[in-house]
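Numbering (my numbering), first residue to last: 39 to 174.
We treat Cβ as the ideally placed atom computed from N, Cα and C, and that holds for glycine.
Quick caveat, the model's predicted, so the values are computed rather than measured.
Taking it in order: structure first as structure tokens, then the write-up.
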């Protein structure tokens with residue numbers, strides 16, 4: 039019985055350790071300035087959702103959420119003279135990505151980002167909307 043308890047505790051410890059993911063940030067000189075630990079806890083099955091909202095006269099669709107690698111942004115009624123851009127922030131408020139939107143359908147590659155929750159902000163002609171995006 040004692041061997042079984044020790045074996046069980048050892049296996050339990052490896053499960054917790056194997057579900058962690060580390061991310062490091064460095065400054066220009068190569069010094070590590072931050073370390074982030076992502077603990078992968080999978081609760082229930084999450085259904086993919088599509089965010090639909092209106093900015094001005096444009097219908098915005100952001101999907102799928104949660105995202106695995108590619109996030110699609112569709113702007114119905116997009117015109118090339120719009121001043122449109124998107125920003126992606128982590129939950130500490132640091133900007134991770136920023137690009138101009140140049141077409142009705144834009145693809146955002148999130149495969150390089152770690153698992154977690156991010157804030158996606160879209161700006162069209164000065165009107166801004168923000169949504170939480172979950173990266174699996």
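Three-way DSSP call (helix, strand, coil) for residue i in this model
i, result
"residue 40", "helix"
"residue 139", "coil"
"residue 25", "Outside the modelled stretch of the chain, which goes from 39 to 174, sits residue 25, for which no answer is possible."
"residue 147", "strand"
"residue 5", "Any property of residue 5 remains undetermined from this structure, which presents the chain solely from 39 to 174."
"residue 103", "strand"
"residue 154", "strand"
"residue 177", "Any property of residue 177 remains undetermined from this structure, which presents the chain solely from 39 to 174."
Sequence-distant residues of the same chain with beta carbon closer than 6 Å to residue i, five excluded per side
i, result
"residue 142", "113, 116"
"residue 136", "125"
"residue 62", "70, 73"
"residue 87", "103"
"residue 149", "107"
Residue j beta carbon less than 8 Å from that of residue i
i, j, result
"residue 172", "residue 104", "yes"
"residue 111", "residue 160", "yes"
"residue 121", "residue 69", "no"
"residue 165", "residue 93", "yes"
Chain-order list of residues whose beta-carbon lies under 8 Å from that of residue i (same chain, five-residue window excluded)
i, result
"residue 89", "98, 99, 100, 101, 103, 169"
"residue 129", "154, 155, 156, 157"
"residue 134", "126, 127, 128, 151, 156"
"residue 60", "73, 74, 75, 76"
"residue 138", "122, 123"
Sequence-distant residues of the same chain with beta carbon closer than 7 Å to residue i, five excluded per side
i, result
"residue 91", "98, 167"
"residue 65", "71"
"residue 144", "111"
"residue 35", "The question about residue 35 has no answer, for the chain in this structure spans 39 to 174."
Point to revise | Whole beta strand (DSSP E) elements within the stretch 105 to 132, 3-residue minimum | key: 108 to 114, 122 to 127
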